[in-house]
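Add 18 to the 1-based position in the sequence shown for the working numbering, that's all there is to it. Heads up, the beta-carbon is just placed ideally off N, CA and C, and yes, glycines get one too. As the structure is a computational prediction, the values presented were derived from the model and not from experiment.
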Amino acid sequence: MRWTPTGALAANVEITSTSVQCGDVIQVGGQPCRVIDLIQLPSNAKRLRFESGEQLTMHARTRLVALRMRRHW
């Protein structure tokens, strides 16, 4: 984990379609994209919607690395 200027803790985590969360930041095409909505699809897949309006479908076997922010209290 590392500190960010906002006082939050940031950690790189491996995510799957079952563990992805709103707020996770995923690099897509070299650009950081923050997940703002998750839509459950058949066969444990999920459609991720990003702040930019773009979407990405994660299938059950997809594994990605995301930056996950956690508030430090």
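Can you list, in chain order, the residues of its chain with a C-beta nearer than 8 Å to that of proline 50? Leave out the 5 residues immediately preceding and following it. In the sequence shown, residue 50 corresponds to position 32, counting from 1. Excluding residues within five positions, the ones whose Cβ falls inside 8 Å are Val43, Ile44 and Leu85.
Using 8 Å for Cβ pairs, my map puts arginine 52 next to glutamate 69. What's the rounded Cβ distance? The residue given as residue 52 occupies position 34 in the sequence shown. The residue given as residue 69 occupies position 51 in the sequence shown. Arginine 52 to glutamate 69, Cβ: 5 Å. Contact.
Would you say leucine 59 and arginine 65 are within 8 Å of each other, going by their C-beta atoms? For the purposes of this step, residue 59 is identified with residue 41 of the sequence shown, where counting begins at 1. For the purposes of this step, residue 65 is identified with residue 47 of the sequence shown, where counting begins at 1. Cβ distance < 8 Å, so leucine 59 and arginine 65 count as in contact.
Could you check the C-alpha separation between serine 61 and arginine 81 for me, to the nearest Å? Along the sequence shown, read from residue 1 onward, the residue named residue 61 stands at position 43. Along the sequence shown, read from residue 1 onward, the residue named residue 81 stands at position 63. If you draw a straight line from the Cα of serine 61 to the Cα of arginine 81, it is about 15 Å long.
Relative to the C-alpha of arginine 79, which candidate in Gly47, Asp55, Ser37 and Gly41 has its C-alpha closest? For the purposes of this step, residue 79 is taken as the residue at position 61 of the sequence shown. Out of Gly47, Asp55, Ser37 and Gly41, Ser37 has the C-alpha closest to the C-alpha of arginine 79.
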